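**Student:** Everything in the sequence shown is counted per UniProt numbering, starting at 1 for the first residue and increasing by one.
Each residue gets a CB set at the ideal place from its N, CA and C atoms; glycine is no exception.
Small disclaimer: the values here were computed from a predicted structure and weren't measured.
Starting off with a structure, shown below.
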Amino acid sequence: MNIKEKDLLISNFLDKYSVKKFSACFCFSITMWIHLNYGDVGLQTFLKEICKDSAMVVVEPQPWKCYKSAVKRMKLANSEFAHYKHLKDRSNIECKIDQVLLEVEGVAKVTETINTSWGRKISIFRTT
């Protein structure tokens, strides 16, 4: 699905319920997969796009050690992530995700949790 088709689909759905945005978009444990499969630009585009359509964005990014584990599992299966070798955003990916979201006009960070038992933080952003 291209961006125009996606925008039309979302717009039609929101119009059907007479709302301008989704109340919240939850991104639990998905940012790494988007990053590995679509690269730095793909992750940045995704993060910016969800801000357009959501009043709140809740993100739980995976730390870099999770990337390494995913890459190792792919190697065991004799495969690889096409974008992995080209990723520039490698260190402190959680901060990079925050940075991308906060660069979007009208986005503000509401709160950040302490690390979960999995060693991850959950960040909540408000959009206008």
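Could you give the residue range of the alpha helix (DSSP H) that holds I93?
**Tutor:** Its alpha helix (DSSP H) spans residues 93-102.
**Student:** Please classify M32 as buried or exposed, where buried requires at least 16 neighbouring CB atoms within 10 angstroms.
**Tutor:** Buried, by the Cβ-count rule.
**Student:** With a cut-off of 8 angstroms, do at least 3 Cβ pairs link the segment 88-98 to the segment 72-79?
**Tutor:** These segments do not touch.
**Student:** Going along the chain, which residues of its own chain have a beta-carbon closer than 7 angstroms to the beta-carbon of L102, five neighbours each way excluded?
**Tutor:** If we look at L102 and ignore the five residues flanking it on each side, its Cβ neighbours are K109.
**Student:** Determine whether the beta carbon atoms of V58 and T127 lie at a separation below 8 angstroms.
**Tutor:** In this structure, T127 does not lie closer than 8 angstroms to V58 by Cβ.
**Student:** Would you check whether the ligand COA has a heavy atom nearer than 7 angstroms to the C-beta of K85?
**Tutor:** No copy of the ligand COA appears in this structure; indeed no ligand is present at all.
**Student:** Can you grab the Cα-Cα spacing for the pair L8 / D40, in whole Å?
**Tutor:** In a straight line, the C-alpha of L8 is about 25 angstroms away from that of D40.
**Student:** Whole angstroms are fine: how far does the CA of I114 sit from the CA of F28?
**Tutor:** Taking the straight line from one Cα to the other gives about 15 angstroms.
**Student:** Is it true that the CB of H83 sits closer than 8 angstroms to the CB of residue 129?
**Tutor:** Because the chain spans 1 through 128 in this model, residue 129 falls outside it and cannot be assessed.
**Student:** Determine the direct distance from the alpha carbon of W64 to that of S23, and round the result to whole angstroms.
**Tutor:** So the alpha carbons of these two residues sit roughly 29 angstroms apart.
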